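Per the numbering used here, the sequence shown starts with residue 6, numbered consecutively. Beta carbons: idealized from backbone N, C-alpha and C, even for Gly. Bear in mind that the values here come from a model prediction, so they are computed numbers and not experimental data.
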Amino acid sequence: MNNIIPKTEWVKTRSENGVGWIQLSHENKLNPLSASFILAIKDAAEKFDNDRSIGCIVLIGSEKAFAAGADLKEMIKLNYASVTESRYIENGWLDIPKIKTPIIAGVKGYALGGGCELAMMCDFIIAKDDAKFGQPEINIGAIPGAGGTQRLTRSIGKSKAMLAVLTGDMMSADEAENCGLVAKVFKGEDFDISLKEIAVKIANQSKPLAKLAKQAVNVAFETTLEEGVRSERSLFYSTFALDDHVEGMGAFSEKRKPIWKNK
Ligand code: CO8
Numbered sequence: 006m007n008n009i010i011p012k013t014e015w016v017k018t019r020s021e022n023g024v025g026w027i028q029l030s031h032e033n034k035l036n037p038l039s040a041s042f043i044l045a046i047k048d049a050a051e052k053f054d055n056d057r058s059i060g061c062i063v064l065i066g067s068e069k070a071f072a073a074g075a076d077l078k079e080m081i082k083l084n085y086a087s088v089t090e091s092r093y094i095e096n097g098w099l100d101i102p103k104i105k106t107p108i109i110a111g112v113k114g115y116a117l118g119g120g121c122e123l124a125m126m127c128d129f130i131i132a133k134d135d136a137k138f139g140q141p142e143i144n145i146g147a148i149p150g151a152g153g154t155q156r157l158t159r160s161i162g163k164s165k166a167m168l169a170v171l172t173g174d175m176m177s178a179d180e181a182e183n184c185g186l187v188a189k190v191f192k193g194e195d196f197d198i199s200l201k202e203i204a205v206k207i208a209n210q211s212k213p214l215a216k217l218a219k220q221a222v223n224v225a226f227e228t229t230l231e232e233g234v235r236s237e238r239s240l241f242y243s244t245f246a247l248d249d250h251v252e253g254m255g256a257f258s259e260k261r262k263p264i265w266k267n268k
């Protein structure tokens, strides 16, 4: 799939107050995820990740859907040989979890299949109360393939993940919040306001500290508790080498807000 051309016209970006917004804007408001779409999303995320003025990235979809899964009109044409040769769920997909800047998924409407998997690749999910999450692949002759069985299980536990993956049933925003898939749910217009507030708050933290904190939490998904605590301690020690550590400690003792130098 190295000759795939990213569909940049389906990805709208803007930056404001240190936040890089990436909107999935396929002409089909359900945002079906094709190989060229995911490459464009990955390119936009990497661009913000390399922009020193950006401290938080937010991935959003349409009013109707974050993304309703793989583009089934593309997927129906594929076979075993073509998915393996083209590395169907590798190019682009594998790069998104490598983004170092904190990245939030802001979900309105459907986040299904690859859409739910894409949201779970972000650091956390903020949902509007109309959001619906699910891994319905079993209903269309497949199983989750972009990390759904792994990230969902780590996020909500085996029992609830099995229920979702084996029935293909959707989960409401409230259910998703109750089981920990979603960090917070906001109603109606509060969603846009609160998502922006959270993103700006993160963007205004010390950028190197936020990246270290993200790295430390992510280790929990990859290793044992002992190794994870060791890694955290080493990252904690490394914060003492930052000017922002000195600034944070100084600001506390002087009873003022820190002015981050981002180094
Ligand atoms: N891909 C392509 N087109 C889609 C998709 C999709 N995933 N979902 C809907 N559409 C199309 C419909 O065919 C329809 O097109 P048309 O108007 O030409 O008939 C249009 O979008 C509107 O759809 P509906 O009329 O069905 O809209 P509803 O509001 O009634 O229903 C649903 C919305 C519930 C989201 C419904 O469309 C649905 O169930 N869609 C399929 C969801 C699904 O099964 N997702 C999982 C796909 S498999 C997967 O994600 C594997 C991930 C692997 C990684 C990805 C690699 C790229």
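With contacts defined by Cβ atoms closer than 8 angstroms, Glu142 and Gly118 form a contacting pair. In the three-state reduction of the DSSP assignment, Trp265 falls in the coil class.
Taking the Cα positions, Glu51 is about 30 angstroms away from Gly162. Not one heavy atom of the ligand CO8 falls within 7 angstroms of the beta-carbon of Asn8. Less than 8 angstroms separates the beta-carbon of Leu83 from that of Tyr93.
Per the Cβ contact rule, the segment 180-196 is not in contact with the segment 222-231 (fewer than 3 Cβ pairs under 8 angstroms). Look at Lys192 here: in three-state DSSP terms it is coil, with no helix or strand label. At least one heavy atom of the ligand CO8 lies closer than 7 angstroms to the C-beta of Tyr115.
One Cα belongs to Val190, the other to Ser39, and the distance between them is close to 28 angstroms. Taking a C-beta distance under 8 angstroms as the contact criterion, Ala208 and Val24 qualify as a contact pair. In chain order, Pro107, Ile108, Ile109 and Lys219 place their CB closer than 7 angstroms to the CB of Asp128, counting only its own chain and leaving out the 5 sequence neighbours on each side. Bounds of the beta strand (DSSP E) holding Glu21 are Val16 to Glu21. The closest heavy atom of the ligand CO8 lies less than 7 angstroms from the beta carbon of Ile43. Remark: three or more beta-carbon pairs, one from each stretch, lie closer than 8 angstroms, so the segment 140-156 and the segment 166-176 are flagged as touching. Each of Leu157, Arg156, Leu200 and Cys184 was checked against the Cα of Ile131, and the nearest Cα belongs to Leu200. In this structure, Thr18 lies near Ile27, with their beta-carbon atoms less than 8 angstroms apart.
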